[in-house]
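Counting from 0, one number per residue, gives the positions in the sequence shown under numbering that gives the first Met the number 0.
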Amino acid sequence: MDKNKIIEAAAKLVAKGAYDKAIKEYQKVLEVDPKDIRVLQKMGELYQKKNDNAQAAHFFTKVAESYSSDGFFLKAVALYKQVLKLNPNLLEVNLKLAELHQQLGLMSEAMAYFQIVANHYDKAGDTKSSLDTLKKMVDLDPENVASKIKLAELYARENMTKEAAQEFKRAAEYLKRNARADDWLRVAERLSALEPDNLPLAKELAASYLQRGDQKRALAKLQVCFKADGRDVETLTLLAQAFQGLGQISKTVSVYKELAKIHQERGRTAESDGVWTQIELLDPQDPDLLARRGPVAEPEPEPVAVHHPVEEAAPAWSAPAPAAPPSRP
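Listed below in structure tokens is the structure:
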């Protein structure tokens, strides 16, 4: 069989608009050489002209696979994109484009296609495949915090608490490093819901809420910490700040007294004195504060001058001058 003659005959048929006859000619070539890229490409184009998108996509995909296996990644990408124009829902093609862009070092494009694949699996209820795809995304771009959060949420939805917490922690650490306080707060709350006994996190959240002036949310976190350890210095300090922010002075003073007591018991006299100073600023007449100072010494009376009545009654006088001796005759 003269392949070139058949291809020429098919081209003439295409020029005349005899697409079906041309397809039959090209099929003769493919029966002998099923990997002929030129013919596969022509078949795809002919089916596209016939508005048979499914067949067109089939042949273009074969060409793209050939380019990809031979290392012609850019050509493969161009053809796969052409296939998606014919049928955007082809999962395997989106996955191929994700992998090819990854090989080309085009990470943002790769992530976009991986996201399409992950969404498809998620909607289809294929949790395992969705998780696998999201893991690839996280490995591909460790700095992409959105992927970490999506992976964590999916783990949480599947009651994979340990895995979810791990991903939320990684996301929270990234957000903290990049000073994204609002986003950190949201992710940290998700982590706290999974780890209600994570006291360091609860205290960190409480401190963050206090900085924002949200004392009520801070108190909710601190209650957990206080129940776990009512003598923790950091918890008590934050608790006092929360009560003071709410204007609850008596509760603030009570917490400060407990804090001062703990400092004193642990030999931290300076810290204890500092807390009592805070108490004095809040309530200078607090009984415990006054008792701590001890009794106030009475001031000594001023000395009173002693007067002698006899001396006061005596008139002022001066001693007489001695008499002059008598003159001699």
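All residues carry an ideal CB built from backbone N, CA and C; glycine is no exception.
As the structure is a computational prediction, the values presented were derived from the model and not from experiment.
Item: Can we say the segment 151–170 touches the segment 128–142, given the rule of at least three CB pairs closer than 8 angstroms?; Value: yes
Item: So which of R265, T268, I278 has the shortest CA-CA distance to I248?; Value: I278
Item: With DSSP collapsed to three states, give me the class of L78.; Value: helix
Item: Would A296 be called buried (16 or more neighbouring beta carbons within 10 Å of its own) or exposed?; Value: For A296, the pLDDT reaches just 48, beneath the cut-off of 50, and the residue's location in the model is therefore unreliable, although a value from the coordinates is still provided. So A296 ends up on the exposed side.
Item: Near I36, what residues of its chain come up, given a Cβ to Cβ distance below 7 angstroms and the 5 sequence neighbours on each side ignored?; Value: V62, S65
Item: CA-CA distance, L288 and Y208?; Value: 31 angstroms
Item: Taking the alpha-carbon positions, what's the E157 to G246 distance?; Value: 43 angstroms
Item: Over the uninterrupted alpha helix (DSSP H) stretch that includes R169, give me the two end residues.; Value: 160–176
Item: Do the CB positions of E257 and L235 come within less than 8 angstroms of each other?; Value: yes
Item: Could you say which of K15, F225, D19, G293 lies nearest to D196 if we only look at CA atoms?; Value: F225
Item: Less than 8 angstroms between the beta carbons of A192 and L221, yes or no?; Value: no
Item: Helix, strand or coil: how does DSSP classify D19 here?; Value: helix
Item: Count the other CB atoms within 10 Å of the CB of A155; is the residue buried (16 or more) or exposed (fewer)?; Value: buried
Item: Quick one: residues in its chain with C-beta nearer than 8 angstroms to the C-beta of R211, no 5 flanking neighbours on either side, listed in chain order?; Value: none
Item: On the DSSP letters alone, give me the boundaries of the alpha helix (DSSP H) that Q54 sits inside.; Value: 52–68
Item: Helix, strand or coil: which one does DSSP assign to K49?; Value: coil
Item: Assess contact between the segment 48–60 and the segment 69–77, defined as three or more Cβ pairs (one per stretch) separated by less than 8 angstroms. Is contact present?; Value: no
Item: Does DSSP put P286 in a helix, in a strand, or in coil?; Value: helix
Item: Using only alpha-carbon positions, find the residue among E194, T251, L190, K168 that is nearest to Q214.; Value: T251
Item: Around the Cβ of Q284, are there at least 16 other Cβ atoms within 10 angstroms (buried) or fewer (exposed)?; Value: exposed
Item: Cα separation between L89 and V82?; Value: 8 angstroms
Item: At 4 residues or longer, and completely inside the segment 85–134: list those alpha helix (DSSP H) runs for me, N to C.; Value: 90–102, 106–123
Item: State the CB to CB distance for the pair A239 and V254, rounded to an integer number of angstroms; the pair is presumed to be in contact (CB under 8 angstroms).; Value: 4 angstroms
Item: Leaving aside the five residues before and after I5 along the sequence, list all residues of the same chain whose C-beta is less than 6 angstroms from its C-beta, in chain order.; Value: E24, K27, V28
Item: Which residue comes first and which comes last in the alpha helix (DSSP H) that contains E203?; Value: 198–210
Item: Do A187 and L200 come within 8 angstroms of each other at the CB atom, strictly closer than that value?; Value: yes
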